[in-house]
Amino acid sequence: MSADERRWAPVQGDEVATLRGMLEHHRDTLRWKCSGLDDEQLRRALPPTDMTLAGLMLHLTMVEAGWFNLTFAGGIERPDWLAHSHGAGVDWAWEHAADHAQEQLWAWFDDAVAVSDRIVDAALAHDAGLDALAVNPREDEGTVSLRWILVHMIEEYARHNGHADLLRQAVDGSTGE
63 MSADERRWAP VQGDEVATLR GMLEHHRDTL RWKCSGLDDE QLRRALPPTD MTLAGLMLHL
123 TMVEAGWFNL TFAGGIERPD WLAHSHGAGV DWAWEHAADH AQEQLWAWFD DAVAVSDRIV
183 DAALAHDAGL DALAVNPRED EGTVSLRWIL VHMIEEYARH NGHADLLRQA VDGSTGE
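Following the numbering used here, the numbering of the sequence shown begins with 63 at its first residue and continues without gaps.
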């Protein structure tokens, strides 16, 4: 994916179109930051961090599934990668991304995004819309709304896309917004 292929949020859209557009833009930005690299480059950690682009890909896959599928919808689908994680903790993605080729990482990411989008579509088809509440409360946040999850996911991607900017530049010198 190139920078020009990224989707952008409408500048005068309603709340749903703006939130979903921003989330799509940040998903595309992650793709762009990881595009054109081989598996070794995606797995390369650069001191002082042990963070990698592959780790970001798998972490954001888990975050997508965690918030939309597990928390909001109550775990309506069982993603393939879950069998590989063996119920491991939150660091599993960072520790084990290097165990998988990028084709597998992107397949899991695409699956998590597709499930997330179906869940959001179904929720928005009901009267509560963005005010719909998650099935599973979180220890830290309590019961959150779909609106809160969408905003949180935009924040999560934005933060990690900043990491991806730095990692990509360190891997091959590529820069861009």
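We put the beta carbon where it would ideally sit given N, CA and C, even for glycine.
| request: With distances taken Cα to Cα, identify the nearest neighbour of D100 among L108, L115, T111. | output: For this step, residue 100 is matched to residue 38 along the sequence shown. Out of L108, L115, T111, the CA that lies nearest to the CA of D100 is found in L115.
| Strand pairing of R200, partner residues [DSSP] | Working through the sequence shown from its first residue, we reach residue 200 at position 138. In the DSSP secondary-structure assignment, R200 is bridged to G204.
| Out of curiosity, what's the CA-to-CA distance linking V213 and E157? | The residue you call residue 213 lines up with position 151 of the sequence shown. The residue you call residue 157 lines up with position 95 of the sequence shown. E157 has its alpha-carbon roughly 27 Å from the corresponding atom of V213.
| According to DSSP, which residues form a beta bridge with L195? | As a first step, residue 195 is located in the sequence shown; it is residue number 133 there, counting from the start. For L195, which the question treats as bridged, DSSP gives the partners S207.
| task | Measure the Cβ-Cβ separation of M113 and L229 and say whether it is below 8 Å. | result | If you number the sequence shown from 1, residue 113 lands on position 51. If you number the sequence shown from 1, residue 229 lands on position 167. Going by C-beta atoms, M113 is nearer than 8 Å to L229.
| request: Locate the alpha helix (DSSP H) running through G83, then write down its first and last residues. | output: Translated into the one-based positions of the sequence shown, residue 83 becomes position 21. Segment 77-96, the alpha helix (DSSP H) holding G83.
| message | Using CA atoms only, rank isn't needed, just tell me which of T80, P110, L85 is closest to E126. | response | On the sequence shown, position 64 is the one that residue 126 refers to. With respect to the C-alpha of E126, the residue from T80, P110, L85 having the closest C-alpha is L85.
| Which term fits W129, buried or exposed, when burial requires 16 or more other beta carbons within 10 angstroms of its beta carbon? | The residue given as residue 129 occupies position 67 in the sequence shown. That one is buried.
| message | Tell me the DSSP secondary structure of M113 in three-state form. | response | Taking the sequence shown and counting its residues from 1, the one referred to as residue 113 is at position 51. Note: M113 maps to coil in three-state DSSP.
| query | Between W170 and the rest of its own chain, which residues show a CB-CB distance below 6 Å, the 5 nearest in sequence each way excluded? | reply | The residue labelled residue 170 in the question sits at position 108 within the sequence shown. The beta carbon of W170 lies closer than 6 Å to those of T123, W143 in the same chain, with the five residues before and after it left out.
| said: Can you determine whether any heavy atom of the ligand COA sits closer than 7 Å to the C-beta of D142, and answer yes or no? | reply: Among the components of this structure there are no ligands whatsoever, and the ligand COA is therefore not found.
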